[in-house]
Structures are given as C-alpha cells and as structure tokens.
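In what follows, a single structure is set out as structure tokens and then discussed.
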Amino acid sequence: MMEAVPSPHRGEGEGEGTKPATGASAPVLEVEKLTAGYGGPPVISGVTIEARRGAITAIVGPNGAGKSTLLKAIAGLIRPTEGSVKVKGADVTGLPAEKLVSKGLAYVPQVANVFPELTIRENLDMGGYSRKDGVRERIEELFKLFPDLAASSQRKAHTLSGGQRTMLALARGLMVDPAVLILDEPSAGLAPKFQGLIWERIEEIRSTNVAVLVIEQNTRETLRHAQWAYVLVLGENRLEGPGQELLDDEEVVNLYVGRLS
Ligand SMILES: Nc1ncnc2c1ncn2[C@@H]1O[C@H](COP(=O)(O)OP(=O)(O)OP(=O)(O)O)[C@@H](O)[C@H]1O
Ligand SMILES: [Mg+2]
9 MMEAVPSPHR
19 GEGEGEGTKP
29 ATGASAPVLE
39 VEKLTAGYGG
49 PPVISGVTIE
59 ARRGAITAIV
69 GPNGAGKSTL
79 LKAIAGLIRP
89 TEGSVKVKGA
99 DVTGLPAEKL
109 VSKGLAYVPQ
119 VANVFPELTI
129 RENLDMGGYS
139 RKDGVRERIE
149 ELFKLFPDLA
159 ASSQRKAHTL
169 SGGQRTMLAL
179 ARGLMVDPAV
189 LILDEPSAGL
199 APKFQGLIWE
209 RIEEIRSTNV
219 AVLVIEQNTR
229 ETLRHAQWAY
239 VLVLGENRLE
249 GPGQELLDDE
259 EVVNLYVGRL
269 S
C-alpha cells in the first residue's frame, strides 16, 4: 500500500485545499440539491457540489453510491427531477448533453467513445464541430498536451491501445475549450500502469485553468490529487474536504477508503 504523501503536483492550484466562498475563483460549476434517477426511486438525493477552475474536484464513495449517476445528471444524460446545475453562473439544469457543450461543459464517459474508423486528427476535428473557428490551432495546442497523439495523428482510432484511446477521448473533450471537464473513471478497463499516466494528464489539464470533476477507481490516489473531494454514500453527500485532509482522517479512511483501494 502506498503512503499518504502529498503529490509533487500539489501546491500549484489556486484551489489548493481551500474553498473560498466568493471572489475571483468563484465556482464555475455549481450543483445544488440535485435529485435524479432512472424513473424509479431517486438514486441521488439533494446532492450539492461545486467545482473551481484550476482545481481537481473528486467524487468518491462506495460502489453503487450514485457517483456516475450524479455526473450523468450534471452532464445532461439523465434529467434531474429536483435541484439545479449552473455553469459559469448560467442555469443549465436539464439541458441535453449536446447543448451543454456550448455552455462550457464537456463530459467524457466511462467507456472512451471515439470514432474507430476515423484517425486521431479526424476524431479531434469532430470533437471541435461546435467551434466557430480555431479548430486547427486547438488541435495543435492539444498535441502539445498529448505528444503521443501528435506522433500518430494519422492512425485510425481502432488501431490504438486502450490507453491511447483514453487520451484521445480526453483530448476530444478538450476540443471545445470547456470550463468544466467531467471524467467518469478515465482509467476504467486499463492496466493499473496507465493510472499514473492518466493522472499526469489530468494534472496538466487542471493547470490550463480547467475545472476538472473526476471519479477514479483508486480512491486513495484520487484523494491525493483532489484539491477538494466529496464523499457520496447512498446517493447523498456524506463528507467533503481537501482530498489530502480526507486521506489523513482515520475515520474516513476506515469507513470509505480502506476497503476501496
Ligand atoms: N441505467 C440505469 N438504470 C437503472 N438503474 C441504474 C442505471 N445506472 C445505474 N443504476 C443504479 O443506480 C445506482 C447507482 O449507480 P451508479 O452507477 O451511479 O453508482 P457509482 O457510485 O457510479 O458506482 P460504481 O463505483 O460501481 O461505478 C445503482 O443502484 C445502480 O444499479
Ligand atoms: Mg460509476
């Protein structure tokens, strides 16, 4: 088991371990008392979270706690029955996913959905469909962030490894210059060795002033990276705090983390 030491990446973000109530770094994503499900009883009830630019915000909690459901309700894949979602101060509650893109919110689902028959570059082109201009420039910027993709930009997506496909899905989500990037288990289905690589990329994305909202498999590692984390249990907020503080809290680790990582 790894020790709970602060990651070398920490300490650069304005959101570092703090949750300023107002001011310049006001939350760019505000979710208030959100209730949602799949037609039956609600899966999440009255969940309140927020995410800030330049910070990694994590949702952790046991399997079935409703983490993915929360992200889907925020990202417009399912419609909340109560509560509100705001992006950059604008109410976007209930908007479908394709409309949310133009509001500054990008969602990368658990299974990396890239177009297998298209090349890397073509996939990124498609990801930028809603941009008025600057597609080519944005692709070049993203190639700097993802040098592996740049090196094989003419390869078709179906020839990529799982890890490369995940990187492509991340880059595609970033084509629209989102204020908020939502990631549901980007390392799902990948060998554990990819987790470190994916966290490196997430840290770089964060450093470009994006608000990253993420669920990841390894709770301990996730808390280590998160400036702020929410513990979700049975579809409700249970606890929140700087990731490292939650990790240092013996009770939290025993109750919610120890069994999970
Ligand atoms: N499409 C669906 N239709 C009906 N029920 C669903 C659907 N997706 C999830 N659920 C139910 O919602 C509850 C929460 O699931 P969710 O996937 O949000 O949990 P999670 O916290 O993401 O879990 P995990 O850590 O296993 O990914 C579970 O009881 C699950 O069975
Ligand atoms: Mg899930």
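All residue numbers for the sequence shown refer to our numbering, where the first residue is 9 and numbers rise by one. Glycine residues also receive a C-beta, built at the ideal position from the N, C-alpha and C atoms.
Mind checking which residues open and close the alpha helix (DSSP H) that includes lysine 96? Run containing lysine 96: none; DSSP gives neither H nor E here.
Just to confirm, are valine 39 and valine 93 a CB contact at a threshold of 7 Å? For the 7 Å CB-CB criterion, valine 39 and valine 93 form a contact.
For ligand 1, any of its heavy atoms closer than 6 Å to the Cβ of asparagine 71? yes
I want to know whether the stretch 118 to 133 touches the stretch 204 to 214 - three or more CB-CB distances under 8 Å. no
Please classify arginine 87 as buried or exposed, where buried requires at least 16 neighbouring CB atoms within 10 angstroms. exposed
First and last residue of the beta strand (DSSP E) that includes threonine 127? First-last for threonine 127: undefined, no H or E at that position.
Give the DSSP-derived three-state secondary structure of alanine 63 in the structure shown. coil
Bridge partners for threonine 43 per DSSP, in chain order? Glu90
Near ligand 1: glycine 74 beta-carbon under 6 Å from a heavy atom: yes
Other residues of its chain near tyrosine 264: CB distance less than 6 Å, five sequence neighbours each side excluded: Val239
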